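One structure is given here, and the rest of the page talks about it.
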Amino acid sequence: MIHTPSQKVTVLTGLASGFIGAGLFFAFVFATGVGPIFENRGARTAQNASQIAAPMSYRTALSQEKAIIDVVKKAEPAVLSIVVAKEVAAGVPNTGIDEDFFDLPFEFRLPKRYSPESGGKVREEVGNGSAFLISPDGLAVTNKHVVEDTEATLTAINNDGKKYGVTVVAIDPLLDIAVIRLKNAGTDLPYLNIDPNDPAVGSTAIAIGNALGEFQNTVSVGVISGLARSLVASDPFGGVENLDEVIQTDAAINPGNSGGPLLNIDGKVVGINVALADGGQSVGFAIPGSAVYSVIDSVQKTGRIVRPYLGVRYVPITTEVKTEQGLDADYGVLVKSGLEDEPAVLKGSPADKAGIKAGDIILDIDGNKLDKDRSLAKMIRDRKVGDTVTLKVLRDGKERGMKAKLEELKN
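Take the position in the sequence shown, starting the count at 1, then add 697; the result is the number in the working numbering.
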């Protein structure tokens, strides 16, 4: 199932990418006590309260700062920088490249262009990203777009500068997630734990990653700005990716941070950094930890990432969509064709077999109403392959029930 959102952002893929550290600063103003002494007991009480409040605030801030420092110290050894290298044509670089190209916020840069008269090949770094360990024997998680080039050689570098070869274990057919394994890693590596629960909006968010491909394990701190965001992300090569149910944060997310962890104040992973907003500041996105948790569980049980799918493209119904489309429902999702006349219902899919058609409105699944708090994508993702779901569908003003047996989504 493919959501067709409108918000445009950039997938963190590209030119040497990374993460410039942003510290968390606190400013405090302390009362000096200079001034007249009031004999009024109420006034004295108020003055004493203000004198007590400042040190209390100071201690609270210091406590939070210490908690962040502790999280970073424990997490950094488990965070990896990923270097992508491949053979490119050797020769004199073509000087016709627009210099502004190198200012674009993408993690994967194109190999240098060479004059046609030059021959031979040379191995060169063409991209970079981040990852983090999830087991003591070298299993790690990153973004799919960081490691999907099958012709490239991947190298992981830990916080101490030690290098490991990398094997891609599994690629998620649905989300921008990949599971990798470090070669000759031993069985006693530091690793991070995943929090399968959604973080609270306003809670502390700590991002660590290979900023700009140059600044390893750069740390930035912010808050969780929003949950369940849906958007379309593009890369510098014209690729488009739908991101559904992602976390929004104002912790600085820079190119090169793709695949790095977004941590809470307890040091648990609440997301994988994946994208940043074009033209905006402090607007970054991460795939939620709940999705990562299910991926790890699938790989450990089956050796691959198994995803159920329904097989529809859709638009969530909002007040604006209802008005524009003249719909009878103010919640649910509208089954609708995608870009370039992509079919609304995939041929041979569970939705197709169930009889769902373009223009249908799916109101609920198994009695659970589809709205801003319960997306179709997440509800299907939380099911298992082989599960049968009951759909309430609105067609031509009449509600009807349909059953669909979920199948495995293939790459």
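Beta carbons are placed, not taken as given, at the ideal position from N, Cα and C, and that holds for glycine. Remember, predicted model here, so these are calculated numbers, not experimental data.
Grouping DSSP H, G and I as helix and E and B as strand, with all else coil, what is Thr1016? What you label residue 1016 is simply residue 319 of the sequence shown in a count that begins at 1. Thr1016: helix per DSSP, three-state reduction.
Closest Cα partner of Val785 within the set Glu821, Gly1000 and Asp1049: Looking up residue 785 in the sequence shown gives position 88. Selected option, being the one with the closest Cα: Glu821.
If we require 4 or more residues per run, which alpha helix (DSSP H) segments fall completely within the stretch 1031 to 1103? Fully enclosed alpha helix (DSSP H) runs of 4 or longer: 1047 to 1051 and 1073 to 1078.
Measuring alpha carbon to alpha carbon, tell me which residue in Val876, Glu1039, Leu1007 and Ile1014 is nearest Ala988. For the purposes of this step, residue 988 is taken as residue 291 along the sequence shown, with counting starting at 1. Comparing Cα-Cα distances from Ala988 to each of Val876, Glu1039, Leu1007 and Ile1014, the minimum goes to Val876.
Just the Cα atoms here: how many angstroms apart are Asn961 and Pro952? Locating residue 961 in the sequence shown gives position 264, counting from the first residue. Locating residue 952 in the sequence shown gives position 255, counting from the first residue. C-alpha separation (whole angstroms): 21 Å.
Quick check on the DSSP output: the beta strand (DSSP E) that includes Ser645 runs from which residue to which? Residue 645 falls outside the range modelled here, since the chain spans only 698 to 1108, and no answer is possible.
Counterpart residues of Val1009 in DSSP-defined beta bridges: Locating residue 1009 in the sequence shown gives position 312, where the first residue counts as 1. Answer is Val1042, bridged to Val1009.
Secondary structure at Tyr1028, three-state DSSP: helix, strand or coil? Position 331 of the sequence shown, counted from the first residue, corresponds to residue 1028. DSSP, reduced to helix, strand and coil, places Tyr1028 outside both helices and strands of the structure shown, so it counts as coil.
Quick check on DSSP: helix, strand or coil for Ser987? As a working mapping, residue 987 is identified with position 290 in the sequence shown. Three-state result, Ser987: helix.
Looking at Asp834 and Gly883, is the spacing between their C-beta atoms short of 9 Å? The residue given as residue 883 occupies position 186 in the sequence shown. The residue given as residue 834 occupies position 137 in the sequence shown. Result yes, Cβ atoms of Gly883 and Asp834 sit closer than 9 Å.
Which residues does DSSP pair with Gly899 in a beta bridge? Walking along the sequence shown from the start, residue 899 turns up at place 202. DSSP output for Gly899 lists no bridge partner at all.
Quick check on this structure: which residue in Ile1058, Pro1040 and Ala853 has the alpha carbon closest to the alpha carbon of Val776? As a first step, residue 776 is located in the sequence shown; it is residue number 79 there, counting from the start. Here the closest residue by C-alpha is Ala853.
Let's test the definition: count the other Cβ atoms within 10 Å of the Cβ of Gly1000 and tell me whether it reaches 16, buried, or not, exposed. Translated into the one-based positions of the sequence shown, residue 1000 becomes position 303. By the neighbour-count rule (16 or more Cβ atoms within 10 Å), Gly1000 is not buried but exposed.
Spatial neighbours of Val967 within its chain, please: CB distance less than 6 Å, with the 5 preceding and 5 following residues excluded, ordered by chain position. For the purposes of this step, residue 967 is taken as the residue at position 270 of the sequence shown. Counting only Cβ-Cβ distances below 6 Å, and skipping sequence neighbours, we find Asp892, Pro896, Leu959, Asn961 and Gly986.
Rounding to the nearest angstrom, what Cα-Cα distance links Gly906 and Gly1008 in this structure? In the sequence shown, counting from the first residue as 1, residue 906 sits at position 209. In the sequence shown, counting from the first residue as 1, residue 1008 sits at position 311. Roughly 35 Å separates the two Cα atoms.
Would you check if the distance between the CB atom of Phe982 and the CB atom of Leu889 is smaller than 9 Å? Position 285 of the sequence shown, counting from 1, holds the residue named residue 982. Position 192 of the sequence shown, counting from 1, holds the residue named residue 889. The answer is no: Cβ separation not under 9 Å.
Relative to the C-alpha of Val844, which residue among Ala908, Ile903 and Ser778 is closest? Numbered from its first residue, the sequence shown carries residue 844 at position 147. The shortest Cα separation from Val844 among Ala908, Ile903 and Ser778 belongs to Ser778.
Count the other C-beta atoms from every protein chain shown that fall within 10 angstroms of the C-beta of Glu1037, then say buried if there are 16 or more, exposed otherwise. Looking up residue 1037 in the sequence shown gives position 340. That one is exposed.
Taking a contact to mean a Cβ-Cβ separation below 9 Å, would you say Ile993 touches Gly1029 in this structure? Along the sequence shown, one-based indexing puts residue 993 at 296. Along the sequence shown, one-based indexing puts residue 1029 at 332. Cβ distance not < 9 Å, so Ile993 and Gly1029 don't count as in contact.
Alpha carbon of Val769 to alpha carbon of Asn881, nearest angstrom: Along the sequence shown, one-based indexing puts residue 769 at 72. Along the sequence shown, one-based indexing puts residue 881 at 184. If you take the alpha carbons of Val769 and Asn881, they lie about 26 Å apart.
Assuming Asp947 contacts Ser979 under a Cβ cut-off of 8 Å, what Cβ separation, rounded to an integer in Å, is found between them? Looking up residue 947 in the sequence shown gives position 250. Looking up residue 979 in the sequence shown gives position 282. Contact flag correct, Cβ pair sits at about 4 Å.
Terminal residues of the continuous alpha helix (DSSP H) containing Val844? Numbered from its first residue, the sequence shown carries residue 844 at position 147. Looking at the DSSP string, the run of the alpha helix (DSSP H) that includes Val844 is Lys841 to Val844.
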